[in-house]
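*Asks:* Residue numbers (the working numbering): 55 to 618.
Note that beta-carbon positions come from the ideal geometry of N, C-alpha and C, so glycine has one too.
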Ligand SMILES: Cc1cc2nc3c(=O)[nH]c(=O)nc-3n(C[C@H](O)[C@H](O)[C@H](O)COP(=O)(O)OP(=O)(O)OC[C@H]3O[C@@H](n4cnc5c(N)ncnc54)[C@H](O)[C@@H]3O)c2cc1C
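(1) Given the structure, does residue 86 come close to ligand 3, in the sense that its CB is under 6 Å from one of the ligand's heavy atoms?
(2) When you compare only the Cα positions, how much space is there between residue 157 and residue 229?
(3) Less than 8 Å between the CB atoms is what I'm expecting for residue 117 and residue 193, so what's the real figure, rounded?
(4) Among the residues of its own chain, which have a CB less than 8 Å from the CB of residue 325, if the five just before and after it don't count?
(5) What would DSSP say about residue 64, mapped onto helix, strand or coil?
(6) Excluding the 5 residues flanking residue 377 on each side, which residues of the same chain have their C-beta closer than 6 Å to its C-beta?
(7) What three-state label does DSSP hand residue 447 in the structure shown?
(8) Where does the unbroken beta strand (DSSP E) through residue 287 begin, and where does it stop?
(9) State the DSSP-derived secondary structure class of residue 201, mapped to helix, strand or coil.
(10) Leaving out five residues on either side along the sequence, give the residues of the same chain with a beta carbon under 8 Å from the beta carbon of residue 535.
(11) Taking 6 Å as the limit between beta carbons, can you name the residues of its chain near residue 612, skipping five residues before and five after?
(12) Would you kindly check if the distance between the Cβ of residue 435 and the Cβ of residue 512 is under 7 Å?
(13) Please determine whether the Cβ atom of residue 509 lies at a distance below 6 Å from any heavy atom of ligand 1.
(14) Considering only C-alpha positions, which residue in the set 75, 584, 549 is nearest to residue 560?
(15) Extract the residue ranges of the alpha helix (DSSP H) inside the region 556-613, only unbroken runs of 4 or more that lie entirely within it.
(16) Taking the straight line between their C-alpha atoms, what separation do you get for residue 242 and residue 284?
(17) Quick one: which unbroken alpha helix (DSSP H) runs of 4-plus residues sit fully inside the region 210-261? Chain order, please.
(18) When you compare only the Cα positions, how much space is there between residue 590 and residue 473?
(19) CA-CA distance, residue 542 and residue 433?
(20) Scan the region 294-346 and note each continuous beta strand (DSSP E) run of 3 residues or more that stays entirely inside, going in chain order.
(21) Which stretch, first to last residue, makes up the beta strand (DSSP E) that contains residue 551?
(22) Quick one, which of 295, 161, 278, 237 has its alpha-carbon nearest residue 185's?
(23) From residue 106 to residue 196, what distance separates their C-alpha atoms?
(24) Residue 70 to residue 392, Cα distance in whole Å?
(25) DSSP three-state call for residue 120: helix, strand or coil?
(26) What is the DSSP secondary structure of residue 58, counted as helix, strand or coil?
(27) Is residue 489 near residue 514, with beta carbons less than 7 Å apart?
(28) Where does residue 264 fall in DSSP's three states?
(29) Roughly how many whole angstroms lie between the Cα atoms of residue 579 and residue 336?
(30) Going by the C-beta, is residue 133 closer than 6 Å to any heavy atom of ligand 1?
(31) Just checking residue 95 against ligand 1 - is the residue's beta carbon closer than 6 Å to any of the ligand's heavy atoms?
(32) Taking buried to mean at least 16 other C-beta atoms within 10 Å of its own C-beta, is residue 165 buried or exposed?
(33) Please confirm whether any heavy atom of ligand 1 lies closer than 6 Å to the CB of residue 187.
(34) To the nearest angstrom, report how far apart residue 328 and residue 507 are at their CA atoms.
(35) Classify residue 607: buried if its beta carbon has 16 or more other beta carbons within 10 angstroms, exposed otherwise.
(36) Pull up the distance between the alpha-carbon of residue 257 and that of residue 265, whole angstroms please.
Printed below as a string of structure tokens:
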């Protein structure tokens with residue numbers, strides 16, 4: 055069997071290596087248009103920021119590794135230019151010489167990835183405007199940043215304030231994870247960085263109140279955010295600088311511009327071969343990664359996948375799914391019955407020492423789909439036992455089905471061990487778990503790593519308390535005519551108060567029940583929700599109509615960020 059794989063990075067390289075492990079006899083050709091196979095594109099922003107100093111560290115495996123270890127005929131600088139599905143051949147062009155050759159195939163795998171969105175804006179081709187997609191892209195950015203012409207070249211040996219190098223100004227366009235990672239790295243290099251984003255938030259998969267927290271954090275670390283504003287064009291300015299013009303009429307001067315406006319599936323070859331393209335613009339495949347032509351498979355950023363939670367077609371440009379899909383395509387070609395389960399968009403990003411991570415569906419997606427059968431909770435557990443040094447709070451939002459408790463999505467922000475909580479919840483979602491399963495999850499615990507009630511258990515307990523009716527909740531956008539009861543200690547009120555709330559500290563509540571109305575909903579507040587829960591239980595058992603305000607004053611902070 056002869057298998058040709060187009061694209062030699064995440065999906066393509068995984069497919070090639072897996073196929074060899076399953077079939078020693080297959081003839082495998084893997085072609086890659088660029089100069090490298092199997093490179094770590096996820097590391098590129100950190101190479102730009104000099105965290106990963108050597109370019110060679112990004113090269114996970116070479117052509118030779120594939121040849122010697124896997125007997126894969128890996129060809130770099132080799133572009134697939136035409137598929138002839140009827141004859142089952144593919145035309146390949148040597149990028150360096152222009153020579154075109156034709157290869158036959160029994161099975162073809164497309165893993166061409168995505169193309170960076172590059173709108174035809176005035177001045178977009180000016181020198182100094184870059185994208186971050188490949189190793190040569192990162193090299194070009196580093197060379198540009200390090201060139202002398204940004205300032206008075208050769209003046210370093212003179213003293214005097216006029217030779218003090220001004221901050222290099224960078225404008226990053228796009229607040230997705232590549233844009234943010236690159237922006238963070240440029241701040242680390244001491245640059246003056248502005249991030250322009252057309253949406254009203256960074257990190258679009260997060261719900262807005264969670265993204266607001268991230269935005270505040272970014273600004274506190276020196277990143278200037280210009281949200282709700284699209285770029286309209288670029289102009290050449292003096293000394294090689296660029297002026298970035300926006301739709302709102304603002305101008306941002308820049309010595310370097312990074313375009314990170316998102317990606318779209320690279321479907322050029324698939325379209326020319328007459329393969330079906332889906333509603334979201336990606337190559338349509340079945341759960342075995344087969345395209346509309348049974349001898350052609352497609353994987354990675356180029357395809358549409360079913361969202362595991364919503365069942366909708368979606369585009370997910372992530373390395374994990376691409377690797378798994380490459381493996382599944384290899385399995386199926388080798389005769390195994392592997393299937394892709396769909397994607398949850400599980401993601402994580404580190405920014406200035408903090409972490410944002412999420413999995414599954416967001417509240418705004420559920421609202422967009424008109425789905426009303428869900429509830430959300432906010433909780434702020436510690437990363438590990440509070441008495442052990444270094445514990446930091448994690449802000450979590452968890453979404454679940456009201457009707458059956460199925461876990462739908464989770465978002466978390468924090469500094470420590472955020473990843474393991476979202477990873478556990480991601481696995482739970484994939485297993486179709488409910489919040490009742492989270493209550494029962496048996497997770498690692500000793501004081502330096504977690505709590506006897508891990509944040510994942512805790513999320514399950516809080517959510518299950520809501521669904522069982524033990525802890526009816528309300529949210530800050532729905533306080534209505536409720537009676538606000540604040541059960542914090544008076545000293546806490548000095549820091550921040552809930553307007554209109556009556557304060558009865560939890561310890562005095564049993565003795566002061568007579569002060570509370572029996573004909574109104576009592577909405578109970580504390581700092582994070584825990585004492586409010588205890589109070590709610592006490593009030594319910596004494597015949598009051600009590601509800602906990604989910605997340606307490608901490609989620610009030612989220613709600614206020616949205617209002618402002
Ligand atoms: C800067 C950056 C940071 C990222 N960080 C993360 C991260 O932290 N976490 C995460 O999950 N994901 C991350 N990603 C996304 C992840 O890298 C991609 O989702 C993944 O690489 C997709 O795999 P793929 O095989 O579909 O495409 P790619 O890995 O992009 O590989 C496609 C290859 O196909 C080649 N090709 C295209 N057309 C042809 C042709 N006609 N002939 C020959 N070769 C062709 C291209 O040159 C390219 O090298 C990041 C991506 C970038 C660019």
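*Replies:* According to the structure shown:
(1) With respect to ligand 3, the structure shown offers nothing to examine, as its ligands consist of ligand 1.
(2) Here residue 157 refers to the residue found at position 103 of the chain shown. Here residue 229 refers to the residue found at position 175 of the chain shown. Going by the C-alpha atoms only, they are around 41 Å apart.
(3) On the chain shown, residue 117 is found 63 positions in, with the first residue counted as 1. On the chain shown, residue 193 is found 139 positions in, with the first residue counted as 1. The pair is not a contact, with the Cβ atoms about 18 Å apart (cut-off 8 Å).
(4) Within the chain shown, residue 325 is the residue found at index 271, counting from 1. The answer, listed in chain order, is 331.
(5) Here the question's residue 64 lines up with position 10 in the chain shown. Three-state result, residue 64: helix.
(6) Within the chain shown, numbered from 1, the residue matching residue 377 stands at position 323. Contacts found: 64, 68.
(7) In the chain shown, the residue the question calls residue 447 occupies position 393. If DSSP states are grouped into helix, strand and coil, residue 447 belongs with the strands.
(8) As a working note, residue 287 is residue 233 in the chain shown. Looking at the DSSP string, the run of the beta strand (DSSP E) that includes residue 287 is 285-290.
(9) The residue given as residue 201 occupies position 147 in the chain shown. Three-state DSSP puts residue 201 in coil, outside helix and strand.
(10) Locating residue 535 in the chain shown gives position 481, counting from the first residue. Contacts found: 574, 575.
(11) Mapped onto the chain shown, residue 612 falls at position 558. Correct list, in chain order: 263.
(12) Locating residue 512 in the chain shown gives position 458, counting from the first residue. Locating residue 435 in the chain shown gives position 381, counting from the first residue. Cβ distance < 7 Å, so residue 512 and residue 435 count as in contact.
(13) The count along the chain shown starts at 1 and reaches residue 509 at position 455. No; taking the cut-off as 6 Å, the Cβ of residue 509 has no heavy atom of ligand 1 nearer than that.
(14) Here residue 560 refers to the residue found at position 506 when the chain shown is read from its first residue. Comparing Cα-Cα distances from residue 560 to each of 75, 584, 549, the minimum goes to 584.
(15) 560-563, 584-595
(16) Here residue 242 is taken as the residue at index 188 of the chain shown, counted from 1. Here residue 284 is taken as the residue at index 230 of the chain shown, counted from 1. Approximately 25 Å between the Cα atoms of the pair.
(17) 231-242
(18) Position 536 of the chain shown, counted from the start, is the residue given in the question as residue 590. Position 419 of the chain shown, counted from the start, is the residue given in the question as residue 473. Cα to Cα, the separation comes out at about 32 Å.
(19) Walking along the chain shown from the start, residue 542 turns up at place 488. Walking along the chain shown from the start, residue 433 turns up at place 379. Whole-angstrom Cα-Cα distance: 17 Å.
(20) 296-300, 305-308, 310-313, 317-319
(21) As a first step, residue 551 is located in the chain shown; it is residue number 497 there, counting from the start. Note, residue 551: premise wrong, no beta strand (DSSP E); not H, not E.
(22) On the chain shown, residue 185 is found 131 positions in, with the first residue counted as 1. The shortest Cα separation from residue 185 among 295, 161, 278, 237 belongs to 237.
(23) For the purposes of this step, residue 106 is identified with residue 52 of the chain shown, where counting begins at 1. For the purposes of this step, residue 196 is identified with residue 142 of the chain shown, where counting begins at 1. Cα to Cα, the separation comes out at about 12 Å.
(24) Walking along the chain shown from the start, residue 70 turns up at place 16. Walking along the chain shown from the start, residue 392 turns up at place 338. When rounded, the distance between both Cα atoms is 16 Å.
(25) On the chain shown, position 66 is the one that residue 120 refers to. In the structure shown, residue 120 sits in a helix (DSSP, three-state: H, G or I).
(26) As a working note, residue 58 is residue 4 in the chain shown. Strand at residue 58.
(27) Taking the first residue of the chain shown as position 1, residue 489 is located at position 435. Taking the first residue of the chain shown as position 1, residue 514 is located at position 460. Yes, Cβ-Cβ distance for residue 489 and residue 514 is below 7 Å.
(28) Numbered from 1 along the chain shown, position 210 holds the residue referred to as residue 264. Of the three classes helix, strand and coil, the one that applies to residue 264 here is helix, per DSSP.
(29) Looking up residue 579 in the chain shown gives position 525. Looking up residue 336 in the chain shown gives position 282. Near 47 Å, if we compare the C-alpha coordinates of residue 336 and residue 579.
(30) The sequence position of residue 133 within the chain shown is 79, counting from 1. Residue 133: yes, Cβ under 6 Å from ligand 1.
(31) Here residue 95 refers to the residue found at position 41 when the chain shown is read from its first residue. Result yes, Cβ under 6 Å from ligand 1.
(32) Stepping through the chain shown from its first residue, residue 165 is reached at position 111. It counts as buried.
(33) As a working note, residue 187 is residue 133 in the chain shown. Correct: residue 187 has its Cβ closer than 6 Å to ligand 1.
(34) In the chain shown, the residue the question calls residue 328 occupies position 274. In the chain shown, the residue the question calls residue 507 occupies position 453. Distance between the alpha carbons of residue 328 and residue 507 is about 54 Å.
(35) In the chain shown, residue 607 corresponds to position 553, counting from 1. Residue 607 comes out buried.
(36) Here residue 257 corresponds to residue number 203 of the chain shown, with the count starting at 1. Here residue 265 corresponds to residue number 211 of the chain shown, with the count starting at 1. Residue 257 and residue 265: Cα-Cα distance of roughly 7 Å.
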